[in-house]
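Going down the list, the protein sequences come from chains A and B.
Those letters in the first sequence? Residues 23 to 316, per our numbering, in order.
Those letters in the second sequence? Residues 4 to 236, per our numbering, in order.
Written out below as structure tokens is the structure these notes cover.
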Amino acid sequence: MLSLGRWRETTATDYLDVRRFFTIWASLTHVLRSPVIPVVALSLARKPALQLRWISPVALVLLWQLASSTGVLSPEKLASPLTVLESAGELIADGQLGEAFVVSLGRVFLGFVIGGTIGVALGLASGLSRWGETLLDPPVQMLRTLPHLGLIPLFILWFGIGEEPKLALVASGVAFPLYLNLHAGIRQTDPGLVEAARVLGYSRFERIVHVVLPSAVPQTLVGLRIALGTAWLSLIVGEQINADAGLGFLINNAREFLRTDVVVVGLVVYALLGLTTDALVRLLERKVLRWQAR
Amino acid sequence: MASAVSIRGLRKAFGPRSVLDGIDLEIAPGEFVALLGRSGCGKSTLLRILAGLDRQVDGTAEVPGTVSIAFQQPRLLPWRKVWRNIALGLNKPNGHAIALKALEEVRLADHADAWPLTLSGGEAQRVSLARALVREPDVLLLDEPFGALDALTRLAMHHLVEDLWARHRPAVLLVTHDVDEALLLADRILVLDEGRIVAAHHVDLPRPRRRASVVEQRTRVLADLGVDVETAA
Ligand SMILES: Nc1ncnc2c1ncn2[C@@H]1O[C@H](COP(=O)(O)OP(=O)(O)OP(=O)(O)O)[C@@H](O)[C@H]1O
Ligand SMILES: [Mg+2]
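Below, the structure is given as structure tokens:
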């Protein structure tokens, strides 16, 4: 109820802001009616070069800055890009960001190791043995239908409000995608290749090492990427639980003081961390999957 | 001398469908046997059984020595470079050198460091052939190994197989759809139909054989396959 009221209030004030915005837009179109336009139109007809892809993001940031500078966007709603940059500099300088960064990274790392170990161990057991599959796969398939972020209340009851529920949340976000993809990858192994290795005199163990596991690698890497994405998401949600350190704490603290600039800095750092780990997995994929002809 | 392959009363059924229905076959060491038969008559099934990949059969199929097989599909490990695929079953320290030599023989020396998925169908088949040959087995099972090759490469591969066979003298069981190929290479030609060996021809022509010398026997083998050459021509 409360949030609904707030929302109405916001739109009411924004209405005026929008009108102001259009007057600015009108003056902008003045500039845009210069001879540049035909040139732009001409190059639109051709297939745009890849290097031009930064145009719209930059334009959006410029627009955001414009909206902030003109007062259309109040700093309580969203701080301007320049302010965000400035406070990022401050937070880095006084070490707050670095500290929060290390704490959050540590949580993701630890949660990932725990969840990864569980996911890989279960995936191997149920992928490589029929008994393992019969016993392990049904409960895991049932549990995975639960939205793991919805487990927070249980995790709080089980683990309290310290580090443990946060780690448990990250771990459960990591374990399932890794399990599912490793298991599927192993099951997708071409039986023809296993047979070929058998005729070449490979023992069961050698067949697993040289044929089954390598052929599960592509699917497992897909699982790894999903797992890392979920890990960050779980961390962000998990850090809402009574955090006293880390990026989540930084953000929540900033909210109480209406410091939207700090909130944005925290979000950007989350995003950068997610992008970085994703890029690392891509790099790993390129290295490990060189054999996949394109 | 014991047989290289000894099959007695071999039966194989998939569910209610009987595919091999009482096969008796002895292959002497060093003998080159070609196996002909319509698509789906059970040739690959027989080879799988001889390679020890299918033990759920009635009757006996004994292969006392070492076996290697070139499957109908190349079955290369895509994450191993071409030369490593050949060195796979070697268990020898100088695998690289042996693999390179084998690749030279199948005319693929410059593809040694390629990934299998970048090979053409015929190239992959030649690598698979090289992998089977390089192990110098007592029994060599070849399941349509020349199927995807162009006519020229096919001729070269005939020479290669015949040459390797002459040098190492494995018993060979070659599955093919090409009667001329069988006549050029084999000591004996078997025709499989309805799960049984319905005809056997001894080919006593002197080696190396030429196409012209095989024409007469060709007519008889084709008749066994149900093809009347006079009317077909
Ligand atoms: N695993 C299996 N399960 C059920 N049926 C099978 C199986 N393997 C083979 N068959 C059947 O057995 C029959 C013989 O198959 P096989 O592969 O031996 O034929 P083939 O003589 O090698 O044919 P081609 O010349 O086309 O390669 C086919 O009808 C096939 O459908
Ligand atoms: Mg076949």
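Glycine included, C-beta positions come from ideal geometry on N, C-alpha and C.
Asked                                                                                                                         : Found
Below-9 Å beta-carbon distance, SER237(A) vs any chain B residue                                                              : yes
Simplified DSSP state of PHE271(A), which is helix, strand or coil                                                            : helix
Selection from LEU195(B), ALA73(B), THR69(B) and GLU219(B) that minimises the alpha carbon distance to GLY229(B)              : LEU195(B)
Simplified DSSP assignment, three categories, for HIS205(A)                                                                   : helix
Boundaries (first-last residue) of the beta strand (DSSP E) holding SER123(B)                                                 : Neither: SER123(B) is in no beta strand (DSSP E) and is coded neither H nor E.
Same chain, Cβ closer than 7 Å to SER148(A), five either side skipped, listed in chain order                                  : GLY154, GLU155, LEU158, ASP159 and HIS205
Chain B within 9 Å of PHE198(A), Cβ atoms only                                                                                : no
TRP118(B): contacting residues in chain A (beta-carbon distance under 9 Å)                                                    : ARG312, TRP313, GLN314 and ALA315
Given VAL106(A) as reference, the closest of LEU257(A), VAL285(A), LEU305(A) and PRO175(A) once Cα atoms are compared         : VAL285(A)
For ASP27(B), three-class secondary structure by DSSP                                                                         : strand
Touch test, the region 251-268 of chain A against the region 184-195 of chain A, Cβ-Cβ under 8 Å, three pairs minimum         : yes
Cut-off 6 Å between Cβ atoms - residues of its own chain near ASP227(B), not counting five sequence neighbours on either side : VAL194 and ALA202
Any C-beta of chain C under 9 Å from that of THR121(B)                                                                        : Included in the structure are the protein chains A and B, with no chain C among them.
Coil, strand or helix - THR237(B) by DSSP                                                                                     : Because residue 237(B) is not part of the residues shown, which for chain B are 4 to 236, the question remains open.
Environment of HIS162(B) [buried if 16+ CB atoms lie within 10 Å]                                                             : exposed
Ligand 1 heavy atom lying under 8 Å from the CB of PHE17(B)                                                                   : yes
Proximity test, SER131(B) beta-carbon vs ligand 2 heavy atom, cut-off 8 Å                                                     : no
Distance between beta carbons of VAL36(B) and LEU176(B), contact taken as under 8 Å                                           : 5 Å
Chain-ordered chain B contacts of LEU305(A) [CB-CB under 9 Å]                                                                 : What LEU305(A) touches in chain B: nothing, since even the nearest Cβ is about 18 Å away.
Exposure label - THR298(A); buried when at least 16 CB within 10 Å                                                            : exposed
Contact set between the region 192-205 of chain B and chain A, restricted to residues whose Cβ is under 8 Å from the partner  : none
Beta bridge counterpart(s) of SER71(B) as assigned by DSSP                                                                    : LEU143(B)
Member of HIS204(B), VAL85(B) and ILE52(B) whose CA lies at the smallest distance from the CA of TRP313(A)                    : VAL85(B)
Beta-carbon proximity of ASP146(B) to SER6(B), cut-off 9 Å                                                                    : no
Nearest-angstrom Cβ-Cβ length linking LEU50(B) and VAL182(B), presumed shorter than 8 Å                                       : Their Cβ separation, rounded to whole angstroms, is 19 Å, which puts LEU50(B) and VAL182(B) out of contact at 8 Å.
Members of the region 173-194 of chain A near chain B, C-beta cut-off 7 Å                                                     : none
Cα-Cα separation between VAL142(A) and ARG209(A), rounded to whole angstroms                                                  : 14 Å
Contact with chain B by LEU204(A), beta-carbon distance below 9 Å                                                             : no
Cβ-based burial, LEU109(B) [other Cβ within 10 Å; buried from 16]                                                             : As written in the sequence, residue 109(B) is Val, which differs from the Leu given in the question. It is buried - the Cβ of VAL109(B) has at least 16 other Cβ atoms within 10 Å.
Secondary structure of LEU311(A), DSSP reduced to three states                                                                : coil
Beta strand (DSSP E) segment containing ALA16(B), residue limits                                                              : 8-17
Three-way DSSP call (helix, strand, coil) for HIS161(B) in this model                                                         : helix
HIS180(B) Cβ short of 8 Å to ligand 1 heavy atom set                                                                          : yes
Within 9 Å, strictly: CB atoms of GLY68(B) and PRO19(B)                                                                       : no
Coarse secondary structure for HIS205(B), derived from DSSP in three states                                                   : strand
Chain-ordered chain B contacts of GLU217(A) [CB-CB under 7 Å]                                                                 : LEU56
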